[in-house]
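Protein chains in written order, with the numbering used here: chain A, 1234 to 1444; chain B, 1234 to 1444. Every residue, glycine too, gets a C-beta built ideally from N, C-alpha and C.
Number of protein chains: 2
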Amino acid sequence: MEQTLATNTGAPAPRPESDRAARTRARLQAVALDLFVRQGFEETTVEQIAAAAGVSHMTFFRYFPTKESVAVEDPYDPLLAEAVAAQPASLSAFERVRRGTRDAMAAAPPSVDLETAARIGLMSLTPALRARAWENTNETQRVIIDALVTTGSPRADAVVATGACVGAVMTALLDWGAQADPRPSLGECVVDALDRLDPRRLLAAAEEETS
Amino acid sequence: MEQTLATNTGAPAPRPESDRAARTRARLQAVALDLFVRQGFEETTVEQIAAAAGVSHMTFFRYFPTKESVAVEDPYDPLLAEAVAAQPASLSAFERVRRGTRDAMAAAPPSVDLETAARIGLMSLTPALRARAWENTNETQRVIIDALVTTGSPRADAVVATGACVGAVMTALLDWGAQADPRPSLGECVVDALDRLDPRRLLAAAEEETS
DNA sequence: CCATCGGTGTTAGTAGCTAACATCGGCACC
DNA sequence: GGTGCCGATGTTAGCTACTAACACCGATGG
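Right, dumping it as structure tokens:
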């Protein structure tokens, strides 16, 4: 009952991993991604991953709750909620999500792309991974919505704005992951997607009709 | 090789079910939903569903490819793509998706809600079902994007517009499914969500800032 | 009256995932 | 410098979702 930080989201205080544990985790993830890329996700068994990493399959599940999680683990999510909450409360919920997400992605280093690109490519062609990715997104959305609501946005607006922005980004990313190689960087893809949701731009396009 | 209709999406022509088969399928679905609601999705085994329906577990899998599919089967999806394609090509991609989806939902009968509400409620509290629902959405999005692109919208616009509208609707629905009982109808929820994405409304809200 | 065929059951197997318990190796503390 | 604790891992056994192969049964039609 003596929680020290408010950022705790319900998990029972995962103590920091030892060096050894961190190395085992990294080895498992690297080996798994390599196998997934080379022979496909469904065609790779957990047993194979564990053997290639020199551990037993139980050790794999001690580090990753599911086979999917090793491919969709994403460290960006908390940053997004933070960036959204940092937007001025005077803006609409939609603009706060849109600009917050855009800022966070524009600030992200463009070098992480290599491994991340492989992961997104895998997702775009593996239904089970797409499903998990969306489910991850769900938690991200919950956090963003909370951030919006606790800083004054009406709940209905927060829900719709978050769903729209996150949905647009995810769909754009999956489309990006399925494309052939001459393509923009991941960050550019996200920023471009969010720019296309600029209300000014949307309204300009909408007004080309009569009335 | 002798396909008769163009609406075939790649599946090998599923012949219409016999009466007996349709009854078995309906019985399985009804029994499954009942068990899911009463004792939870994870806590219900396929064996239990099959037994309660008076068949073997193999018969269950002949009708539903996964345990999740019996809870997330959704007949609305094809209608959406149709409604989007029916929007005038002079509109922006975003407005075509937004209005198409809105029209389709506004036209849907408000009576289907009972069983559908149960299904969405289940989704909102079962991670595995949410994941499947999102994955279903993926196919819907693909169809909508195709419809937009083949009728003149730039691909990037189509992808972002579809992701935003579908994401907003899904998020709103899951939020709706998690709410307590005094709540609007499912159709009203969707229409309200899409109205909140009206570019005019977004811009009005955005302009309350300086510049 | 028999052949066919759709719907179903039986059996056996694979893979993801979990629980219980044993083991091994390093680190702290005396 | 022993010694005991504890974290990381292994072993084993088991459950559940899901699949393949094949046998059966009942209706329908020639």
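Classify A:Pro1432 as buried or exposed, calling it buried when 16 or more other Cβ atoms lie within 10 Å of its own Cβ.
-> As a position in the first sequence, residue 1432 of chain A is number 199, starting the count at 1. Buried, by the Cβ-count rule.
Where B:Val1459 sits in the DSSP three-state scheme | Since the first and last residues shown for chain B are 1234 and 1444, residue 1459 of chain B lies out of range.
Would you mind telling me which residues of chain B sit closer than 7 Å to A:Asp1408, beta carbon to beta carbon, in chain order?
-> Numbered from its first residue, the first sequence carries residue 1408 of chain A at position 175. By Cβ distance, chain B contributes Val1392.
Return helix, strand or coil for B:Phe1269, following the three-state DSSP convention.
-> Taking the second sequence and counting its residues from 1, one reaches residue 1269 of chain B at position 36. It is helical.
So is the beta-carbon of B:Val1376 under 7 Å away from any non-hydrogen atom of the ligand SAM?
-> With respect to the ligand SAM, the structure shown offers nothing to examine, as it has no ligands at all.
Nearest CA to the CA of B:Thr1299: which residue from B:Val1392, B:Val1279 and B:Thr1384?
-> Looking up residue 1299 of chain B in the second sequence gives position 66. Nearest option by C-alpha distance: B:Val1279.
Three or more C-beta pairs below 8 Å linking the segment 1366–1373 of chain A and the segment 1360–1371 of chain B = yes
Applying the criterion that 16 or more other CB atoms from any shown protein chain within 10 Å of the CB defines a buried residue, is B:Gln1320 buried or exposed?
-> One-based indexing of the second sequence puts residue 1320 of chain B at position 87. Result: buried.
Go through the segment 1303–1337 of chain B residue by residue and report every complete run of the alpha helix (DSSP H) that reaches 4 residues or more, in order.
-> 1310–1319
Whose CA, out of B:Ala1286, B:Glu1276, B:Phe1269 and B:Leu1362, lies closest to the CA of B:Ala1254?
-> Numbered from 1 along the second sequence, position 21 holds the residue referred to as residue 1254 of chain B. The shortest C-alpha separation from B:Ala1254 is found at B:Ala1286.
Can you check whether the CB of A:Gly1410 is closer than 8 Å to the CB of A:Ile1353?
-> Counted from its first residue, the first sequence places residue 1353 of chain A at position 120. Counted from its first residue, the first sequence places residue 1410 of chain A at position 177. In this structure, A:Gly1410 lies closer than 8 Å to A:Ile1353 by Cβ.
B:Cys1422 versus A:Thr1349 - alpha carbon distance | The residue you call residue 1422 of chain B lines up with position 189 of the second sequence. The residue you call residue 1349 of chain A lines up with position 116 of the first sequence. If you take the alpha carbons of B:Cys1422 and A:Thr1349, they lie about 36 Å apart.
Under three-state DSSP, which class holds A:Asp1431?
-> Taking the first residue of the first sequence as 1, we reach residue 1431 of chain A at position 198. The answer is coil: DSSP assigns A:Asp1431 none of H, G, I, E or B.
So is A:Met1291 buried or exposed if we call it buried at 16+ other beta carbons inside 10 Å?
-> As a position in the first sequence, residue 1291 of chain A is number 58, starting the count at 1. Exposed is the call here.
What three-state label does DSSP hand A:Ser1418 in the structure shown?
-> Within the first sequence, the letter at position 185 stands for residue 1418 of chain A. In this structure, A:Ser1418 counts as coil in the three-state DSSP scheme.
Taking the Cβ atom as the reference point for each residue, do A:Arg1295 and A:Cys1398 lie within a distance shorter than 8 Å?
-> Residue mapping note: residue 1295 of chain A aligns to position 62 of the first sequence, counting from 1. Residue mapping note: residue 1398 of chain A aligns to position 165 of the first sequence, counting from 1. Taking 8 Å as the Cβ cut-off, A:Arg1295 and A:Cys1398 do not qualify as a contacting pair.
Contacts around A:Arg1388, its chain only, beta-carbon distance under 6 Å, and the 5 residues preceding and following it disregarded = Position 155 of the first sequence, counting from 1, holds the residue named residue 1388 of chain A. Closer than 6 Å at Cβ, skipping near neighbours: Val1382.
Proximity test, Cβ basis, 8 Å: A:Val1399 and chain B | Along the first sequence, one-based indexing puts residue 1399 of chain A at 166. With 8 Å as the cut-off, A:Val1399 counts as an interface residue toward chain B.
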